[in-house]
Amino acid sequence: MTELGISFVTLSGTGFVGEPRFGVEARARAAAEAGFDAFGVRLAEFDDPEDLSELLELPARHGVSVAEVEFLSGWALAGDARAAERWIPLIRRLADEWGPFHLTSGEFGDGTLDLDIAASNLRSIAAALEPSGVTLAVEAFAWSSIANYQIANEIVTRADAPNAGLMLDVWHFFNTGGTLDWLGTLPSERVAAVQLNDGARVHDDFLAHARSGRLLPGAGDLDVTGLLAALHGIGYRGRLMVESGYPQLFAADVTEAAGQALAAGRATLGQSQER
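For what it's worth, the working numbering labels the leading residue of the sequence shown as 11, then goes sequentially.
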């Protein structure tokens, strides 16, 4: 059976920015009670808290693993990897406690991208994290310097790191011009992780739409089941994370949000297997 997890944004109650309405313990408990075996956290939540050890123990206490940590940025446009590398000791500490996970990575800012420098920086970070079992999952955003998955794939290809691949977010994939034909050309090992969601095809204000219009899988216009079928066709058998964010979901109780996400994820998986 495909492993289904739930991302930080889905349970945060606020989205990616700002303080989450629900803390790590509440989200871990809600994920477990809904039936997920894994959830995601935001890296910044673990940056110098009062009691890091206590915080690190919460997932296991509630019977869930941490499959996803996000977000590592500031490396693709930088002249070197030093700014992003300041997070490496913390990431290693998290992996020591939780075991292997994927680390979503990319660039929020827009600017002139040097593919070779970006690849070199990614390679350096990946090498530092490989002994800890951390996989870097590079994501594309339409408003950023990594504006589509062809660019993300070129960076990963040039980096040539065994623990670096692509994070395929359904909404970002289709709204950066991704096609299922192109996806069908990827080797399965190039896909590090997948985030399930849905929504509309948009043509402007990508950032605003991404933060308020990534619906639960099956609730929008995007070909989520087609993407899952294409992934199955190239041999991808890795974990899927439900990552959605829109006002009604943010307003819901964390337990309700987790239950809705699991039901939508399971229904979409079932539909994709019928194709």
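Each residue gets a CB set at the ideal place from its N, CA and C atoms; glycine is no exception.
A quick note: this is a predicted structure, and the numbers were derived from the prediction, not measured.
Contacts around aspartate 214, its chain only, beta-carbon distance under 6 Å, and the 5 residues preceding and following it disregarded: As a first step, residue 214 must be located in the sequence shown, where it is residue number 204. Excluding residues within five positions, none has a Cβ falling inside 6 Å.
N-terminal and C-terminal residue of the beta strand (DSSP E) that valine 76 is part of: For this step, residue 76 is matched to residue 66 along the sequence shown. That run of the beta strand (DSSP E) goes 75 to 82.
Tell me whether the beta-carbon of isoleucine 127 lies closer than 9 Å to the beta-carbon of leucine 113. In the sequence shown, counting from the first residue as 1, residue 127 sits at position 117. In the sequence shown, counting from the first residue as 1, residue 113 sits at position 103. Contact flag unset, no.
Under the three-state reduction of DSSP, which class applies to isoleucine 156: helix, strand or coil? Indexing the sequence shown from 1 puts residue 156 at position 146. Residue state, collapsed to three classes: coil.
Give every residue of the same chain whose Cβ lies closer than 7 Å to the Cβ of arginine 37, excluding the five residues on either side of it in the sequence, and list them in chain order. Taking the first residue of the sequence shown as 1, we reach residue 37 at position 27. If we look at arginine 37 and ignore the five residues flanking it on each side, its Cβ neighbours are Leu21, Phe49, Val264.
Excluding sequence positions up to five away, which residues of its chain have a Cβ less than 8 Å from the Cβ of alanine 86? Residue mapping note: residue 86 aligns to position 76 of the sequence shown, counting from 1. These residues qualify, in order along the chain: Gly116, Glu117, Leu123, Ala128, Asn131, Leu132, Ser155, Ile156, Ile165.
Could you please give the first and the last residue of the uninterrupted beta strand (DSSP E) stretch that includes phenylalanine 151? Taking the first residue of the sequence shown as position 1, residue 151 is located at position 141. Taken as a continuous stretch (DSSP letters only), phenylalanine 151 belongs to no beta strand (DSSP E), as it is neither H nor E.
Taking the straight line between their C-alpha atoms, what separation do you get for threonine 278 and asparagine 207? Taking the first residue of the sequence shown as 1, we reach residue 278 at position 268. Taking the first residue of the sequence shown as 1, we reach residue 207 at position 197. C-alpha separation (whole angstroms): 10 Å.
With isoleucine 98 and alanine 138 assumed to form a contact (beta carbons below 8 Å), what rounded beta-carbon distance in angstroms separates them? For the purposes of this step, residue 98 is taken as the residue at position 88 of the sequence shown. For the purposes of this step, residue 138 is taken as the residue at position 128 of the sequence shown. Yes, they are in contact, since the Cβ atoms of isoleucine 98 and alanine 138 sit about 5 Å apart, within 8 Å.
When the Cα atoms are used, what is the spatial distance from valine 201 to leucine 178? The residue labelled residue 201 in the question sits at position 191 within the sequence shown. The residue labelled residue 178 in the question sits at position 168 within the sequence shown. Taking the straight line joining both Cα atoms gives about 7 Å.
If you reduce the DSSP assignment to three classes, tell me which class valine 27 lands in. For this step, residue 27 is matched to residue 17 along the sequence shown. In the structure shown, valine 27 sits in coil (DSSP, three-state: anything other than H, G, I, E or B).
Out of Gly243, Val234, Val212, state which residue places its alpha-carbon closest to the alpha-carbon of alanine 196. Numbered from 1 along the sequence shown, position 186 holds the residue referred to as residue 196. According to the sequence as given, residue 196 is leucine; it is not alanine. Answer by Cα proximity: Gly243.
Nearest residue (CA-CA) to asparagine 158, options Leu146, Val180, Asp170, Ser142: Position 148 of the sequence shown holds residue 158. Closest by alpha carbon: Val180.
Between phenylalanine 184 and leucine 232, how many whole angstroms is the CB-CB distance? I'm expecting something under 8 Å. Here residue 184 is taken as the residue at index 174 of the sequence shown, counted from 1. Here residue 232 is taken as the residue at index 222 of the sequence shown, counted from 1. Rounded, the Cβ-Cβ distance is 5 Å, consistent with contact.
From glycine 248 to valine 204, what does the alpha carbon distance come to, in whole angstroms? On the sequence shown, residue 248 is found 238 positions in, with the first residue counted as 1. On the sequence shown, residue 204 is found 194 positions in, with the first residue counted as 1. Each residue's Cα considered, the two are about 8 Å apart.
Which residue wins for smallest C-alpha separation from threonine 235, given the options Glu266, Leu82, Glu284? What you label residue 235 is simply residue 225 of the sequence shown in a count that begins at 1. Nearest Cα to threonine 235 within the set Glu266, Leu82, Glu284: Glu284.
Quick one: is threonine 189 buried, meaning 16 or more other Cβ sit within 10 Å of its Cβ, or exposed? Within the sequence shown, the letter at position 179 stands for residue 189. When all chains shown are included, threonine 189 counts as exposed.
Those residues which DSSP pairs with leucine 250 across a bridge: Taking the first residue of the sequence shown as 1, we reach residue 250 at position 240. Answer is Leu14, Val204, bridged to leucine 250.
Taking all protein chains shown into account, decide if proline 59 is buried (16 or more other Cβ within 10 angstroms of its Cβ) or exposed. Within the sequence shown, the letter at position 49 stands for residue 59. Per the 10 Å Cβ criterion, exposed.
Note down the Cα distance separating alanine 54 from glycine 28, rounded to an integer number of angstroms. Residue 54 sits at position 44 when you count from the first residue of the sequence shown. Residue 28 sits at position 18 when you count from the first residue of the sequence shown. Cα-Cα distance, rounded: 11 Å.
Can you look up alanine 218 in the DSSP assignment and give me helix, strand or coil? As a working mapping, residue 218 is identified with position 208 in the sequence shown. Residue state, collapsed to three classes: helix.
Local Cβ density within 10 Å of proline 69, reported as buried at 16 or more and exposed below that: By 1-based counting over the sequence shown, the position of residue 69 is 59. Counting the other CB atoms within 10 Å of its CB gives proline 69 a total of 16 or more, which places it among the buried residues.
If you check the beta carbons only, do isoleucine 16 and alanine 261 fall under 9 Å apart? Stepping through the sequence shown from its first residue, residue 16 is reached at position 6. Stepping through the sequence shown from its first residue, residue 261 is reached at position 251. For isoleucine 16 and alanine 261, no; Cβs fall outside 9 Å.
Which runs of the beta strand (DSSP E) spanning at least 3 residues fall entirely within the region 225 to 273, listed in chain order? Within the region 225 to 273, the runs of beta strand (DSSP E) at least 3 residues long that lie entirely inside it are, in chain order, 250 to 252.
Whole beta strand (DSSP E) runs in the region 88 to 116 with 3 or more residues, listed along the chain? 112 to 115
Can you tell me whether proline 227 is buried or exposed? The criterion is at least 16 other CB atoms within 10 Å of its CB, across all chains shown. Residue numbering aside, residue 227 sits at position 217 when the sequence shown is read from its first letter. When all chains shown are included, proline 227 counts as buried.
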